[in-house]
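J.: Quick one: structure below, then a few questions.
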Amino acid sequence: MSLLGRLSAALFVCLPLAAGAMVERSDLEGARDVRLQAALTSAVNRLGLSHAVARGQLSVALVDLADPAAPRFAGLNDGDMVYGASLPKIAILFGAFARIEDGTLELTPELRRDLEDMIRRSSNVAASRVLAQVGPEYLANLLSSERYALYDRAHGGGLWVGKPYGPGEAYRRDPLFNLSHGASAYQVSRFYYLLETGRLVSPAASRAMKEIMGKPAIAHKFVKAIKASYPQAALYRKSGTWRDYHCDSALVEHDGKRYIIVGLSHAEQGGHWLEQLALAADALIAPDSALPVQ
4 MSLLGRLSAA LFVCLPLAAG AMVERSDLEG ARDVRLQAAL TSAVNRLGLS HAVARGQLSV
64 ALVDLADPAA PRFAGLNDGD MVYGASLPKI AILFGAFARI EDGTLELTPE LRRDLEDMIR
124 RSSNVAASRV LAQVGPEYLA NLLSSERYAL YDRAHGGGLW VGKPYGPGEA YRRDPLFNLS
184 HGASAYQVSR FYYLLETGRL VSPAASRAMK EIMGKPAIAH KFVKAIKASY PQAALYRKSG
244 TWRDYHCDSA LVEHDGKRYI IVGLSHAEQG GHWLEQLALA ADALIAPDSA LPVQ
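Residues in the sequence shown are numbered from 4 upward in steps of one, following my numbering.
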């Protein structure tokens, strides 16, 4: 990235958003990094997962945040929207804090417990209860809004919640793929990037959401793999599993590294793929932002 580009990116990250201001979709699109992309592709090939990528069974996004003002992004099938199981509960968390920010919802101790149960323990009961308070139409409009565009109909969709978590029919499936709970690796990585740079609702709300996403109580997939090798690592995370859909997403911090990783898979062995992917991706992120020699 040129010096002018880096300065522009830094200015964009540091300035607070005015109410209603737009978050440009290109905040990560313009951060695609050729070297990181090549390294990620090579790592996936070494794991024997190139066939899963080719068949559309695996989507990946990786964002190096060594310099948050100039992130480096790489992805495979990252624009593909798929069924996300419980991962889109992050959208309900976002909707709740948007409501809290505008004064139409109060962060009571009861709501705080529900948010933690929804994210850390993936409680369907808590998720449905919070969704009812946020309002399904409010959330759909927020995700699709010009300000955030976390569901972008013109660019393949993204994050979507169109059904409570439990029995019953969907009230509003996404317009592109008819999914009740959807996600794309790219838009999930944008969610984390906006969160980490204080632009998801507000800096204070972003900090509060990040805290809730910490201390994951389900130790599988990314958490299992990374904690086994780096017990001191901090993960701010939401996963999802339903039948042969295995999804995970996290902001990872350890030993001077800070990065976002997202993996969405549709295969019986997808959970194992994500464990392998976590460690391979971690090896591509160095504290000084220099890629290891391939």
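No residue lacks a Cβ here, since even glycine has one placed at the ideal position from N, Cα and C.
Give the range of the beta strand (DSSP E) segment to which D67 is assigned.
T.: Here residue 67 refers to the residue found at position 64 of the sequence shown. Its beta strand (DSSP E) spans residues 61-67.
J.: My output table needs one value for T44: the three-state DSSP class, helix, strand or coil.
T.: Taking the sequence shown and counting its residues from 1, one reaches residue 44 at position 41. In this structure, T44 counts as helix in the three-state DSSP scheme.
J.: Can you tell me the Cβ-Cβ gap for Q190 and L145, rounded? I've got them flagged as a contact below 8 Å.
T.: Indexing the sequence shown from 1 puts residue 190 at position 187. Indexing the sequence shown from 1 puts residue 145 at position 142. Not really, about 13 Å apart at Cβ, beyond 8 Å.
J.: Using a Cβ-Cβ cut-off of 6 Å (strictly less than) and excluding sequence neighbours within five positions of T244, which residues of its own chain qualify?
T.: Locating residue 244 in the sequence shown gives position 241, where the first residue counts as 1. Excluding sequence neighbours, T244 sits near A88.
J.: How big is the Cα-Cα spacing for S252 and P139?
T.: To locate residue 252, count along the sequence shown from 1; it is residue 249. To locate residue 139, count along the sequence shown from 1; it is residue 136. Each residue's Cα considered, the two are about 23 Å apart.
J.: At which residues does the alpha helix (DSSP H) containing E256 begin and terminate?
T.: The residue you call residue 256 lines up with position 253 of the sequence shown. Run containing E256: none in the alpha helix (DSSP H); it sits in the beta strand (DSSP E), 248-257.
J.: Compare the Cα-Cα distances from M84 to each of V137, L118, T44, A157 and report the closest residue.
T.: Walking along the sequence shown from the start, residue 84 turns up at place 81. Here the closest residue by C-alpha is A157.
J.: Suppose you measure from the CA of G266 to the CA of G33; what does that come to, to the nearest Å?
T.: In the sequence shown, the residue the question calls residue 266 occupies position 263. In the sequence shown, the residue the question calls residue 33 occupies position 30. Their backbone Cα atoms lie some 21 Å apart in a straight line.
J.: Just verifying my parser: in three-state terms, what is the DSSP assignment at I215?
T.: One-based indexing of the sequence shown puts residue 215 at position 212. In the structure shown, I215 sits in a helix (DSSP, three-state: H, G or I).
J.: Classify E27 as buried or exposed, calling it buried when 16 or more other Cβ atoms lie within 10 Å of its own Cβ.
T.: As a first step, residue 27 must be located in the sequence shown, where it is residue number 24. Note on E27: pLDDT 48, under 50, position unreliable in the model; no value is reported.
J.: Rounded to whole angstroms, what is the Cα-Cα separation between I93 and K241?
T.: Reading the sequence shown from its first residue, position 90 is the one you call residue 93. Reading the sequence shown from its first residue, position 238 is the one you call residue 241. Distance between the alpha carbons of I93 and K241: 7 Å.
J.: Could you round the C-beta distance between T248 and I288 to whole angstroms and report it? I think they count as a contact, below 8 Å.
T.: Locating residue 248 in the sequence shown gives position 245, where the first residue counts as 1. Locating residue 288 in the sequence shown gives position 285, where the first residue counts as 1. According to the sequence displayed, residue 248 carries Tyr and not Thr. About 26 Å; that fails the 8 Å criterion.
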